[in-house]
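Residue numbers (the working numbering): 8 to 286. Idealized CB from N, CA, C, for every residue including glycine. For reference, the structure is listed below as structure tokens.
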């Protein structure tokens, strides 16, 4: 463990927030994987919550019809940080987990290629802007003094989950080691129904046309924004303080850096080598 500051530390070549212990990361190497486990893996602010909601809606009829009031943190808990203190080994199958881990820190059992991974990636410039705003409502992360400062952190990888490019390319380069479906945020945004059908096919889950329509409808940004099970307003304020801003800040459309007055030139000059993975 290499402390970076009071918010961040590096463990096994990867940056974590202090709330995630190195012991919990080390313990994951031997975490027992079941053949029907499903993992949603992303770099932060790449459509993680959106994908959690989509997969939960696909798997659970009671989520689609609203007969159960279970939050996404319970439906798809974080592998590396058991915030809700859930009994992971004894969760009913199929178990759904969420993670921001790089390929080399996930449980070794995932390499048996039976459990499934859905990996979602997003335009890094949008990730950058979204994460910058996210720092303002997350007490567990350091708030930069301005966008330029955060841009430097992001490009140097001194942020939780380290370099965006390393994360995406790492998973893509090692895709042959896992049973994995790659989806882009932009692809999902352009044609959500097709993306839902791809996920259904990957998971071997057959839904009727009406059920697919229900998933698509409930997974729209406007509906998620007001869904207390999906909008993360249930999180404790010492982790995410939704009084300071919305967790789900924006939905469709390209995030405009013009929101960040005076930084457009530097933003647009991010080197291509930092934002174009070999995917």
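DSSP places residue 172 in the uninterrupted alpha helix (DSSP H) bounded by 171-180. Membership of residue 162 in the alpha helix (DSSP H) is indicated by the continuous run 154-163. Assignment of residue 63 by DSSP, reduced to helix, strand and coil, places it in the helix class.
Here the alpha carbons of residue 18 and residue 221 stand approximately 42 Å from one another.
The alpha helix (DSSP H) runs of length 4 or more contained entirely in the stretch 179-217 are, from start to end of the chain, 192-197 and 199-210. Here the stretch 28-38 does not lie against the stretch 181-198, with fewer than 3 beta-carbon pairs under 8 Å apart. Sequence-distant partners of residue 160 (beyond 5 residues in either direction) whose C-beta falls short of 8 Å from its own C-beta, in its chain, are 151 and 166. Excluding the 5 residues flanking it on each side, residue 75 has same chain C-beta neighbours closer than 7 Å at 69, in chain order. Looking at 30, 178 and 225, the one whose alpha-carbon comes closest to that of residue 200 is 225. Proximity to residue 130 across 80, 149, 194 and 73 peaks at 194, based on C-alpha coordinates.
Annotation: residue 179 to residue 101 spans about 25 Å, alpha carbon to alpha carbon. Shown here, residue 108 sits in coil according to DSSP, grouped into three states, outside any helix or strand.
Your pair residue 55 and residue 45 does not check out as a contact, with CB atoms roughly 14 Å apart and the cut at 8 Å. Minimum Cα-Cα distance from residue 205 among the listed residues 163, 171 and 125 corresponds to 125.
Residue 138 sits in a helix when the DSSP states are folded into three classes.
In the structure shown, the three-state DSSP call for residue 86 is coil. If you check the CB distance, residue 138 and residue 149 do not come in under 8 Å. Under DSSP, residue 123 forms a beta bridge with 45.
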